[in-house]
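Protein chains in written order, with the working numbering: chain D, 54 to 194; chain P, 54 to 194; chain L, 262 to 342; chain Y, 262 to 342. Here the structure is laid out as structure tokens; the discussion comes afterwards.
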Amino acid sequence: MKVEITTEAIDPTVISSSVKNIEAGAVLTFLGTARKTSRGREVTYLEYDAYPEMAEKKMAFILGELKEKYNITDGAFVHRIGRVELGENIVVIAVSAPHSQEAFDACRYAVKRLKSIVPIWKKEVWADGEEWIGYEGELYE
Amino acid sequence: MKVEITTEAIDPTVISSSVKNIEAGAVLTFLGTARKTSRGREVTYLEYDAYPEMAEKKMAFILGELKEKYNITDGAFVHRIGRVELGENIVVIAVSAPHSQEAFDACRYAVKRLKSIVPIWKKEVWADGEEWIGYEGELYE
Amino acid sequence: MKINVLLFASLKDIAGKGQLEIEVEGKCSVENLSKKLYELYPKVESFDSSVRIAVNQEFIEGDIELKDGDEVAYLPPVSGG
Amino acid sequence: MKINVLLFASLKDIAGKGQLEIEVEGKCSVENLSKKLYELYPKVESFDSSVRIAVNQEFIEGDIELKDGDEVAYLPPVSGG
Chain D
54 MKVEITTEAI DPTVISSSVK NIEAGAVLTF LGTARKTSRG REVTYLEYDA
104 YPEMAEKKMA FILGELKEKY NITDGAFVHR IGRVELGENI VVIAVSAPHS
154 QEAFDACRYA VKRLKSIVPI WKKEVWADGE EWIGYEGELY E
Chain P
54 MKVEITTEAI DPTVISSSVK NIEAGAVLTF LGTARKTSRG REVTYLEYDA
104 YPEMAEKKMA FILGELKEKY NITDGAFVHR IGRVELGENI VVIAVSAPHS
154 QEAFDACRYA VKRLKSIVPI WKKEVWADGE EWIGYEGELY E
Chain L
262 MKINVLLFAS LKDIAGKGQL EIEVEGKCSV ENLSKKLYEL YPKVESFDSS
312 VRIAVNQEFI EGDIELKDGD EVAYLPPVSG G
Chain Y
262 MKINVLLFAS LKDIAGKGQL EIEVEGKCSV ENLSKKLYEL YPKVESFDSS
312 VRIAVNQEFI EGDIELKDGD EVAYLPPVSG G
């Protein structure tokens with residue numbers, strides 16, 4: 054149940070492989086990447102701030118919830134912070150479960166929880182300005 | 054929109070990377086692996102048969118549906134056939150989409166469609182017998 | 262005319278082969294073809310209610326007329342993934 | 262007693278720093294602490310309704326008493342992912 058906040062580039066393959074298990078028939082990997090267009094504006098780059106100790110606690114708590122609620126076999130949750138260029142990886146949530154249904158439910162729930170209880174903040178930087186993004190339900194829904 | 058039936062080992066990383074796109078904020082990768090226990094029995098290995106030309110047609114059709122229904126940015130669908138050992142990769146479905154919600158909906162729908170319209174068959178081989186598995190709704194639900 | 266018949270999974274095991282050519286005289290529908298197939302491999306008929314048929318790689322509903330060179334596949338319930 | 266105050270994202274930008282120590286006399290609740298913080302950085306108060314507070318890395322509901330060395334974090338609405 055690996056959890057990490059890091060300023061380094063993140064590799065989904067390593068994270069995803071870490072949750073593979075011979076008792077799991079399904080591995081689901083969610084990768085969030087920095088996209089060029091956000092709410093109609095062209096982003097130059099993103100900057101993430103975090104409360105790293107609390108964020109890792111909450112990420113571990115969420116993986117615990119996935120185990121409890123969805124019976125996942127294993128899970129891993131890694132979020133990058135600092136400056137992130139367009140196209141780069143921001144977050145990876147990987148879960149393994151006996152069947153695909155549980156893996157889908159668990160992974161989707163984790164994304165929702167990330168947007169609600171993990172103290173990480175995104176700043177969008179455009180050519181002519183920047184803004185810290187507050188929680189907006191539609192961002193990931 | 055890559056689609057492939059192959060007898061070779063499949064690499065989720067390559068497949069997943071192929072759908073990344075600067076206009077997509079989410080990449081979801083479903084990986085199905087051969088698990089040790091199936092319906093209470095210990096599996097020795099799996100054997101997959103397919104009607105390869107029709108299977109690839111149907112897989113391409115499903116990716117088309119994902120584009121139509123869920124607005125995915127890109128998708129890839131690869132299924133291995135022949136003998137598959139425990140823990141090995143069987144199928145990868147990767148989709149990218151602007152937001153996570155669409156990626157989850159699309160990927161889950163593709164798994165459901167795989168179990169319904171793609172002519173591929175699994176045989177479970179145990180120490181003392183073997184059986185071709187027919188469609189059973191609960192396998193992946 | 263000649264029809265190319267494909268069998269998969271359990272059906273292939275029963276017939277001992279996955280591909281055969283069935284020669285038919287004059288007009289022939291899928292149902293006629295199935296009768297000929299079941300004469301050759303009676304055990305295949307026991308799967309009839311669960312088997313779907315594809316002609317030239319497309320599922321068909323009901324019965325259709327075949328033409329020379331058609332590829333007719335007998336598909337047990339699929340179980341990919 | 263000394264309270265370790267943490268500010269993030271927009272609040273950090275307003276204050277020009279992410280961490281400060283606030284010295285308080287006698288008993289002090291989170292609400293008292295917030296008043297002291299708003300005196301130092303009046304613009305932080307305008308975010309009050311959307312900010313959640315964590316004490317020692319746990320969200321709190323309502324007001325609680327603080328003790329020496331507590332870490333109090335002011336958290337704007339999160340936007341990870």
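All residues carry an ideal CB built from backbone N, CA and C; glycine is no exception.
Buried or exposed for PRO303/L, going by 16 or more other Cβ atoms inside 10 Å? exposed
Listed from N- to C-terminal order along the chain, which residues in the segment 72 to 101 of chain P have their beta-carbon within a distance smaller than 7 Å of any beta-carbon of chain D? LYS73, ILE75, GLU76, ALA77, GLY78, ALA79, VAL80, LEU81, THR82, PHE83, LEU84, GLY85, THR86, ARG88, LYS89 and THR90
Which runs of the beta strand (DSSP E) at least 3 residues long sit entirely within the segment 127 to 170 of chain P? Give them in chain order. 127 to 133, 135 to 138 and 142 to 150
GLY85/D - containing beta strand (DSSP E), residue span: 79 to 86
With 16 other CB atoms within 10 Å as the buried threshold, where does THR59/D fall? exposed
Secondary structure at VAL89/D, three-state DSSP: helix, strand or coil? For clarity, residue 89/D is Lys in the given sequence; the question names Val instead. The answer is coil: DSSP assigns LYS89/D none of H, G, I, E or B.
Who pairs with PHE269/L in a beta bridge, going by DSSP? Bridge partners of PHE269/L: none, in fact.
When you compare the segment 96 to 109 of chain P with the segment 128 to 142 of chain P, are there three or more beta-carbon pairs, one atom per stretch, that lie closer than 8 Å? yes
So, does the segment 265 to 283 of chain Y touch the segment 329 to 339 of chain Y, judging by three or more C-beta pairs under 8 Å? yes
Return no unless some Cβ of chain Y is closer than 8 Å to the Cβ of GLU106/D. yes
Short Cβ contact (8 Å threshold) for SER153/D with ALA79/D: yes
So what's GLU194/P in DSSP terms, helix, strand or just coil? At GLU194/P, the pLDDT of 33 sits below 50, so the modelled position is not reliable; the number obtained from the coordinates is stated separately. Looking at GLU194/P - three-state DSSP - the assignment turns out to be coil, as it is neither helix nor strand.
Between which residues of its own chain and ASN74/D is the CB-CB distance below 8 Å, once the five residues before and five after are set aside? THR126, ASP127 and SER149
Classification of TRP179/P by the beta-carbon crowding that lies within 10 angstroms, buried from 16 upward: exposed
Inspect the beta-carbon positions of ILE173/P and ILE134/P and report whether they are closer than 8 Å. yes
Return the CA-CA distance between GLU191/D and GLU177/P, expressed in angstroms with no decimal places. The predicted position of GLU191/D is uncertain, since its pLDDT is 38 and thus under 50; no value can be drawn from it.
Interface positions of the segment 263 to 277 of chain Y facing chain D (Cβ-Cβ less than 8 Å), listed along the chain: LEU267, PHE269, ALA270, SER271, LYS273 and ASP274
Whose C-alpha, out of GLU121/P, VAL67/P, GLU184/P and LEU84/P, is nearest the C-alpha of LEU167/P? LEU84/P
Compare the C-beta of SER311/L against all C-beta atoms of chain P and say whether one is closer than 8 Å. yes
Going by Cα to Cα distance, which pick from GLU155/P, ASP158/P, ASP181/P and VAL131/P is closest to PRO65/P? VAL131/P
8 Å Cβ cutoff met for ILE63/P and VAL145/P: yes
Establish whether the CB of GLY187/P and some CB of chain L are separated by less than 8 Å. yes
Kindly indicate which three-state DSSP category PHE308/Y falls into: helix, strand or coil? coil
Please decide whether PRO65/P counts as near chain L, where near means a Cβ-Cβ distance under 8 Å. no
Expressed to the nearest angstrom, what Euclidean distance is found between the alpha-carbon atoms of LYS278/Y and GLU106/D? 18 Å
Residue range of the beta strand (DSSP E) that LEU336/L falls in? 332 to 336
For PHE114/P, count neighbouring Cβ atoms within 10 angstroms of its own Cβ and tell me buried if that reaches 16, exposed if not. exposed
Considering only residues of the same chain and omitting the five flanking positions on each side of THR86/P, which have a CB-CB separation below 7 Å? GLY140, GLU141, ASN142 and ILE143
When the Cα of PRO338/L is compared with those of PHE269/L, GLU292/L, ASN265/L and LYS328/L, which residue comes out closest? PHE269/L
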